[in-house]
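Number of protein chains: 2
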Amino acid sequence: MAWIFKTKPVIKAASAVGGPFEAKGPLASSFDQFFDKLDGGEGSFEKAQRRLMEDASVHAMKKAELKNAEVDVFLAGDLINQMTPTNFAARTLSIPFIGLYNACATSMAGFMTGAALIDGGYAKHVLTAAASHHSAVEKQFRYPTEYGGQKPPVSQWTATACGAAILSLSGEGPYIHSASPGRVIDYGIKDPYNMGSAMAPAAADTIIRHVQEPHEYDCIITGDLGRIGKQIAIKLLKESGMNLSQTSVLDCGELLYGSEPQVFSGGSGAGCSAAVTCGHIYQKMKAGEWSRVLIAATGALLSPLSVLQKDSIPCIAHAVELRRF
Amino acid sequence: MAWIFKTKPVIKAASAVGGPFEAKGPLASSFDQFFDKLDGGEGSFEKAQRRLMEDASVHAMKKAELKNAEVDVFLAGDLINQMTPTNFAARTLSIPFIGLYNACATSMAGFMTGAALIDGGYAKHVLTAAASHHSAVEKQFRYPTEYGGQKPPVSQWTATACGAAILSLSGEGPYIHSASPGRVIDYGIKDPYNMGSAMAPAAADTIIRHVQEPHEYDCIITGDLGRIGKQIAIKLLKESGMNLSQTSVLDCGELLYGSEPQVFSGGSGAGCSAAVTCGHIYQKMKAGEWSRVLIAATGALLSPLSVLQKDSIPCIAHAVELRRF
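Residue numbers (my numbering), protein chains in the order written: chain W, 7 to 331; chain H, 7 to 331.
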């Protein structure tokens, strides 16, 4: 049963910050800032990821004309072990903090939980963010990028990016209408290089549970299924009887890098759906180009340990419906 | 500003499950189940931790007379990288899932978020849990226990335990009255063996912000400051002007193992405050021995990486107030 937010919590402001590679992508104009160097001058990739989140958060608060002390709660997470970059960003921001972890679906976990806290009366303003850093994530989940390991064409490219948003009880602009938290879905896929395929069933499951009339949406946008995963999700949706003839199905991982071949199947990472939502999607809605979208952020709940212990890849997708009017 | 839950979400049922070592402790009678073997017969410590959470969740749902399909959302987390045991437990339970990570403060992050979702009208029943496994956590954060590494007397003992609770919109029993989410507090301590000291300022910060009249509480119970950390927290609270002459200050890490010397300063781990809350504290409140308690679960937001990168240990404490009447 979808969560309907009666008070229509508004996205008062949002910001996307990225790395040098993202600056070359088709959505570059939707970002507020890019790092010139991959480590952001911070000395380590993890510290750079912390800076991504701090900077995106500061941009969002500035646009919302809020001081840190006026923000009631900070909901955020990332992919790094123990969410170290997020924890340290939370220290810098000094806002009451609840850490969230749903892998690359964390962005929408933050949006839905933040909307629920505002709608329930526990917060007037919520800061929510999710981030990832390509080199920090590669080092942790696979191999340090300096190793130069080869990857298969089904794989994806972890974005160096953060999306941060201020959600507020009142104001003008795109608002959070409703949301559906996902269940963990596992079709038994074990290949950690093929996460798009592993996540597609979870995306389909949540979208089917949330969407009544697909033609009423301008688009349904998955988090990071990539080219391959998105095709599988569309197939599963159609097999369930959903009529997508009048609905665009897009994917943040595809949108972020366009046809760049280096990213294989497309972008991924906790920062991918966050940055595309807080930049591109939010701006298109503010401009009135889209008035009703469903963002289904997708997460692969694996770890290097689960792969070593020969488990399959359980996945999850959280859906948040944004409306303009 | 504390969150006040107008509908008084009830702890409909709760369960604590532990390992062989916990079975010898002073709170053993408050647990529903113990593993005979440290790996629970599952083949790895991480899979054992998954089983702890599954079993505690099933016990709680059985006591609440609920099927999985009747539970609206599962809020849970643990200390393992990417929360692998929790993710796989979520797969087994098949309940819409939002993962939470605040280290050993995760238990109360779950209680407060669950209470907010019920009070806001998004859930009638919430399952919340947090777990840890001694050997899985030692292997990840420090050394595999087979290594036989020595530890200093300020250190603590990660509990092999899970606490799971069903929070409901209606029913009889102890209820969640209010909560205060913590801010990240960092006094610059860098010793990863002395987490009690690192966390004490965070505990004091949140307790000071939540508690108006300390004498109105039967007790204030911290999560896992241990003997050393608890003394520091009491000192900080008194220095802030709080009169604790009529209030017991207890600590779940101390309660769980009593005077057992092997645990040095006391128990710790995400499962420590969870199991003590869902077993001992809950039962004492049901029995009417306590009618108003504040549980301030404490978390050290470090990681092996943050220690290697020479950062200090940022900490957090989340406080939840339980009342009987």
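Backbone N, C-alpha and C define an ideal beta-carbon position, used for all residues, glycine too. Owing to the predicted nature of the structure, the values given are computational and were not obtained by experimental measurement.
Looking only at its chain, what residues have a beta carbon closer than 6 Å to the beta carbon of residue i, apart from the 5 residues adjacent to it on each side?
{"i": "residue 282 of chain H", "result": "258, 261, 262"}
{"i": "residue 232 of chain H", "result": "162, 202, 259, 271, 272"}
{"i": "residue 55 of chain H", "result": "91, 137, 139, 142"}
{"i": "residue 200 of chain W", "result": "160"}
{"i": "residue 255 of chain H", "result": "226, 240"}
Express the C-alpha separation of residue j and residue i in angstroms, rounding to a whole number.
{"i": "residue 44 of chain W", "j": "residue 38 of chain W", "result": "17 Å"}
{"i": "residue 122 of chain W", "j": "residue 181 of chain W", "result": "13 Å"}
{"i": "residue 99 of chain W", "j": "residue 93 of chain W", "result": "10 Å"}
{"i": "residue 299 of chain W", "j": "residue 270 of chain H", "result": "54 Å"}
{"i": "residue 15 of chain H", "j": "residue 79 of chain W", "result": "21 Å"}
{"i": "residue 301 of chain H", "j": "residue 51 of chain H", "result": "28 Å"}
{"i": "residue 378 of chain W", "j": "residue 221 of chain H", "result": "Residue 378 of chain W lies beyond the stretch modelled for chain W, which goes from 7 to 331, so this question has no answer here."}
{"i": "residue 142 of chain H", "j": "residue 244 of chain W", "result": "43 Å"}
{"i": "residue 296 of chain H", "j": "residue 184 of chain H", "result": "16 Å"}
{"i": "residue 322 of chain H", "j": "residue 204 of chain H", "result": "10 Å"}
{"i": "residue 191 of chain H", "j": "residue 97 of chain W", "result": "7 Å"}
{"i": "residue 326 of chain W", "j": "residue 17 of chain W", "result": "12 Å"}
{"i": "residue 47 of chain W", "j": "residue 287 of chain W", "result": "29 Å"}
{"i": "residue 241 of chain H", "j": "residue 226 of chain H", "result": "14 Å"}
{"i": "residue 147 of chain H", "j": "residue 147 of chain W", "result": "17 Å"}
{"i": "residue 177 of chain H", "j": "residue 81 of chain H", "result": "20 Å"}
{"i": "residue 41 of chain H", "j": "residue 22 of chain H", "result": "12 Å"}
{"i": "residue 175 of chain H", "j": "residue 125 of chain H", "result": "7 Å"}
{"i": "residue 223 of chain W", "j": "residue 75 of chain H", "result": "29 Å"}
{"i": "residue 103 of chain W", "j": "residue 135 of chain W", "result": "11 Å"}
{"i": "residue 113 of chain H", "j": "residue 249 of chain W", "result": "42 Å"}
{"i": "residue 150 of chain W", "j": "residue 179 of chain W", "result": "42 Å"}
{"i": "residue 293 of chain W", "j": "residue 33 of chain W", "result": "15 Å"}
{"i": "residue 275 of chain H", "j": "residue 316 of chain W", "result": "26 Å"}
{"i": "residue 158 of chain H", "j": "residue 311 of chain H", "result": "21 Å"}
{"i": "residue 320 of chain H", "j": "residue 308 of chain H", "result": "7 Å"}
{"i": "residue 391 of chain H", "j": "residue 166 of chain H", "result": "Here chain H comprises residues numbered 7 to 331, so residue 391 of chain H is not present and cannot be evaluated."}
{"i": "residue 266 of chain W", "j": "residue 60 of chain H", "result": "43 Å"}
{"i": "residue 329 of chain H", "j": "residue 119 of chain W", "result": "25 Å"}
{"i": "residue 169 of chain H", "j": "residue 20 of chain H", "result": "7 Å"}
{"i": "residue 331 of chain H", "j": "residue 218 of chain H", "result": "19 Å"}
{"i": "residue 11 of chain H", "j": "residue 186 of chain H", "result": "11 Å"}
Which one or two residues does DSSP pair with residue i in a beta bridge?
{"i": "residue 181 of chain H", "result": "H:16, H:329"}
{"i": "residue 131 of chain W", "result": "W:174"}
{"i": "residue 40 of chain H", "result": "H:24"}
{"i": "residue 154 of chain W", "result": "For residue 154 of chain W, which the question treats as bridged, DSSP gives no partner whatsoever."}
{"i": "residue 299 of chain H", "result": "H:225, H:328"}
{"i": "residue 79 of chain W", "result": "W:132"}
{"i": "residue 103 of chain W", "result": "W:80"}
{"i": "residue 255 of chain H", "result": "H:226"}
{"i": "residue 10 of chain W", "result": "W:184"}
{"i": "residue 108 of chain H", "result": "H:110"}
{"i": "residue 168 of chain W", "result": "W:23, W:137"}
{"i": "residue 304 of chain H", "result": "H:323"}
{"i": "residue 274 of chain W", "result": "W:164"}
{"i": "residue 191 of chain H", "result": "H:321"}
Is residue i close to the ligand SAM? I mean its beta-carbon at under 6 Å from any heavy atom of the ligand.
{"i": "residue 164 of chain H", "result": "This structure lacks the ligand SAM; in fact it carries no ligand of any kind."}
Can you name, in chain order, every residue of its own chain whose Cβ lies under 7 Å from the Cβ of residue i, other than the five neighbours on each side?
{"i": "residue 206 of chain W", "result": "231, 235, 238, 239, 242"}
{"i": "residue 101 of chain W", "result": "74, 77, 79, 80, 133"}
{"i": "residue 313 of chain H", "result": "198"}
{"i": "residue 57 of chain W", "result": "46, 48"}
{"i": "residue 208 of chain H", "result": "188, 191, 304, 321, 322, 323"}
Please work out which residues of its chain come closer than 8 Å, Cβ to Cβ, to residue i, disregarding the five sequence neighbours upstream and downstream, and give them in chain order.
{"i": "residue 246 of chain H", "result": "210, 214"}
{"i": "residue 290 of chain W", "result": "296"}
- prompt: Do three or more CB pairs link the region 59-71 of chain H to the region 103-112 of chain H at distances below 8 Å?
  reply: Counting Cβ pairs under 8 Å, fewer than three are found: no touch.
task: With 7 Å as the limit, tell me which residues of the region 88-99 of chain H have their beta carbon closer than that to any beta carbon of chain W; keep them in chain order.
output: Under the 7 Å Cβ criterion, the region 88-99 of chain H contributes 88, 89, 90, 93, 94, 96, 97.
- request: Count the CB pairs spanning the region 23-31 of chain H and the region 195-213 of chain W that are closer than 8 Å, and state whether there are at least three.
  value: With the rule of 3 Cβ pairs closer than 8 Å, the region 23-31 of chain H does not count as touching the region 195-213 of chain W.
task: With 7 Å as the limit, tell me which residues of the region 121-133 of chain W have their beta carbon closer than that to any beta carbon of chain H; keep them in chain order.
output: Result list: 122, 123, 125, 126, 128.
- request: With 8 Å as the C-beta to C-beta threshold (strictly closer), list the residues of the region 179-190 of chain W near chain H in chain order.
  value: For the region 179-190 of chain W, the residues whose beta carbon sits under 8 Å from a beta carbon of chain H are, in order, 186, 187, 188, 189, 190.
- prompt: Which residues, in order along the region 10-36 of chain H, keep a beta-carbon less than 7 Å from a beta-carbon of chain W?
  reply: Those would be none; no residue qualifies.
- prompt: When Cβ atoms are compared, which residues of the region 45-72 of chain W fall closer than 9 Å to chain H?
  reply: So the list reads 49, 50, 52, 53, given in the order they occur along the chain.
task: Scan the region 212-242 of chain W for residues whose Cβ lies nearer than 7 Å to a Cβ of chain H and list them as they occur along the chain.
output: Going along the region 212-242 of chain W in chain order, one finds no residue with a Cβ nearer than 7 Å to chain H.
- request: Would you be able to state if there are at least three C-beta pairs under 8 Å between the region 126-138 of chain H and the region 192-201 of chain H?
  value: No, the region 192-201 of chain H is not in contact with the region 126-138 of chain H.
query: For the region 269-285 of chain H, which residues have a beta carbon sitting closer than 7 Å to at least one beta carbon of chain W?
result: Taking 7 Å as the cut-off between beta carbons, none of the residues of the region 269-285 of chain H comes near chain W.
query: Quick one, which residues of the region 296-321 of chain W are near chain H if we go by CB-CB under 8 Å, in chain order?
result: From the region 296-321 of chain W, only 307, 308, 309, 310, 311, 312, 315, 317, 320 have a Cβ closer than 8 Å to chain H.
task: Identify each residue in the region 138-156 of chain H for which the Cβ-Cβ distance to at least one residue of chain W is less than 7 Å, and report them in chain order.
output: Answer in chain order: no residues at all.
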